[in-house]
Amino acid sequence: MSGGHVVGRFAPTPSGRMHLGNVFAALIAWLSVRSRDGEMVLRMEDLDTQRTSSDFAETLRSDLCWLGLTWDREQSPQSQRSAFYDGYFEDLRSRGLIYPCYCTRSQLHSVNAPHLADGTYVYPGTCRELTEAQKAALEDEVPVGCVVVQNGKIIARGRNRREKTQCATRHAEMIAVEKACKKVGYWRLYGCTLYVTLEPCPMCAGALAWSQIGRIVYGASDPKRGFSMFSPSLMHPKTEVVSGVLAEECGSLVTEFFRNKRK
Ligand SMILES: [Zn+2]
Ligand SMILES: [Zn+2]
Numbered sequence: 000m001s002g003g004h005v006v007g008r009f010a011p012t013p014s015g016r017m018h019l020g021n022v023f024a025a026l027i028a029w030l031s032v033r034s035r036d037g038e039m040v041l042r043m044e045d046l047d048t049q050r051t052s053s054d055f056a057e058t059l060r061s062d063l064c065w066l067g068l069t070w071d072r073e074q075s076p077q078s079q080r081s082a083f084y085d086g087y088f089e090d091l092r093s094r095g096l097i098y099p100c101y102c103t104r105s106q107l108h109s110v111n112a113p114h115l116a117d118g119t120y121v122y123p124g125t126c127r128e129l130t131e132a133q134k135a136a137l138e139d140e141v142p143v144g145c146v147v148v149q150n151g152k153i154i155a156r157g158r159n160r161r162e163k164t165q166c167a168t169r170h171a172e173m174i175a176v177e178k179a180c181k182k183v184g185y186w187r188l189y190g191c192t193l194y195v196t197l198e199p200c201p202m203c204a205g206a207l208a209w210s211q212i213g214r215i216v217y218g219a220s221d222p223k224r225g226f227s228m229f230s231p232s233l234m235h236p237k238t239e240v241v242s243g244v245l246a247e248e249c250g251s252l253v254t255e256f257f258r259n260k261r262k
């Protein structure tokens, strides 16, 4: 809708003939638009390429015409619009306005989910404030998460993605360093601070050293795989390292994860 101009659409899936549900939806949209002197748009919802066909689309068009449910223009089919949606998705992602939600449908509906007068559920924002490490745990990854901060702003986030990618090097810090370099447009991260829940391993310490990052702040120590067990000199000499910040909280995330695993 723009400037009071009403635009409505009917978006059938061309996987068969019109059924009563289709006709009802088309009629409601048509009435709503026509009663307000708006514009009616038809769009074929043809994402399920196995089941949809142009023959069915043609049948739908002729059925709509027969019913008198006319439209003013037909938009390109949904299958040809993914680049368009991807553009918007990327825009939202770059502005930090989207985040993954791990709730099941029933969880969303049970716990105090606010809903509108007409019974429609409103998403309660349960997963909005999850940290990277908490997201990793919910994704069944060893929960390690980090952020890179420059001038008081988070410029990159990372969480362990080893299981998801089935790649041994997808540690939180590797991902965050790559993203930060891309954001800064330079391979050096002098003025940046990395905050990470667990002491970096030698691989990540190496990557961080190559980036010449200004400061590293980590929570829990990792007595088995932490870089300091092997060689504290792995870090770049100019990098300031601060350890033990909220160590208990950060450590308990990992121990709790493994305790649940053993259950
Ligand atoms: Zn959620
Ligand atoms: Zn690592």
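Numbering (numbering that gives the first Met the number 0), first residue to last: 0 to 262. We put the CB at the ideal spot given by N, CA and C, even for glycine. Note that the structure is predicted; figures quoted are calculated from it, not measured.
_I'd like to check one pair, F83 with L41: are the Cβ atoms closer than 8 Å?_
Position 42 of the sequence shown, counting from 1, holds the residue named residue 41. Position 84 of the sequence shown, counting from 1, holds the residue named residue 83. Cβ distance not < 8 Å, so L41 and F83 don't count as in contact.
*Who does G144 pair with in a DSSP beta bridge?*
Along the sequence shown, read from residue 1 onward, the residue named residue 144 stands at position 145. Per DSSP, R158.
*Assign A324 to one of three DSSP states: helix, strand, or coil.*
The structure shown does not extend to residue 324, since the chain spans only 0 to 262, so no value can be given for it.
*Can you list, in chain order, the residues of its chain whose CB lies under 8 Å from that of K163, leaving out five sequence neighbours each side?*
The residue labelled residue 163 in the question sits at position 164 within the sequence shown. Here the set comprises E138, E140, R169.
*asked:* On the DSSP bridge list, what partners appear for K152?
replied: For this step, residue 152 is matched to residue 153 along the sequence shown. BP columns for K152 point to Q149.
_Closest Cα partner of E57 within the set S105, G95, T192, E73_ = By one-based count along the sequence shown, residue 57 stands at place 58. Of the candidates S105, G95, T192, E73, the one whose C-alpha sits nearest the C-alpha of E57 is E73.
*DSSP-derived helix/strand/coil call for A246*: On the sequence shown, position 247 is the one that residue 246 refers to. Helix.
*asked:* In this structure, how does DSSP classify T196 when only helix, strand and coil are distinguished?
replied: What you label residue 196 is simply residue 197 of the sequence shown in a count that begins at 1. If DSSP states are grouped into helix, strand and coil, T196 belongs with the strands.
*Identity of the residue in T192, R187, T196 nearest V143 by Cα*: Here residue 143 is taken as the residue at index 144 of the sequence shown, counted from 1. Between V143 and the set T192, R187, T196, the nearest pair of CA atoms involves T196.
*Starting from the C-beta of I97, find all residues in its chain whose C-beta is less than 6 Å away, skip the five residues before and the five after it, and write them out in chain order.*
The residue given as residue 97 occupies position 98 in the sequence shown. Only L91 meet the Cβ criterion.
*Looking at K134 and E158, is the spacing between their C-beta atoms short of 8 Å?*
Taking the first residue of the sequence shown as 1, we reach residue 158 at position 159. Taking the first residue of the sequence shown as 1, we reach residue 134 at position 135. First, the residue type needs correcting, since residue 158 is Arg and not Glu in the sequence shown. Taking 8 Å as the cut-off, the beta carbon of R158 is found closer than this to the beta carbon of K134.
*May I have a chain-ordered list of the alpha helix (DSSP H) segments no shorter than 4 residues that lie completely inside the region 27 to 114?*
Taking only runs of at least 4 residues, the alpha helix (DSSP H) segments lying wholly in the region 27 to 114 are 53 to 66, 81 to 93, 104 to 109.
*What do you get for C203, buried or exposed, if any count of 16 or more other CB atoms within 10 angstroms of its CB means buried?*
For this step, residue 203 is matched to residue 204 along the sequence shown. Classification for C203: buried.
*Residues bridged to I215 [DSSP beta-bridge criterion]*: Counting from one through the sequence shown, the residue named residue 215 turns up at place 216. Per DSSP, L193, V240.
*Which of helix, strand or coil DSSP assigns to F6*: As a working mapping, residue 6 is identified with position 7 in the sequence shown. Looking at the sequence shown, residue 6 is not Phe but Val. Correct three-state label for V6: strand.
*Regarding T238 and ligand 1, is the C-beta to nearest heavy atom distance less than 7 Å?*
Here residue 238 corresponds to residue number 239 of the sequence shown, with the count starting at 1. In this structure, the C-beta of T238 stays at least 7 Å away from each heavy atom of ligand 1.
_Using only the alpha-carbon positions, how far apart do S75 and M43 sit?_
To locate residue 75, count along the sequence shown from 1; it is residue 76. To locate residue 43, count along the sequence shown from 1; it is residue 44. In a straight line, the C-alpha of S75 is about 8 Å away from that of M43.
*Could you say which of Y122, I153, Y120, S109 lies nearest to R130 if we only look at CA atoms?*
The residue you call residue 130 lines up with position 131 of the sequence shown. The amino acid occupying residue 130 in the given sequence is Thr; Arg does not appear at that position. Scanning Y122, I153, Y120, S109 for the CA closest to the CA of T130 turns up I153.
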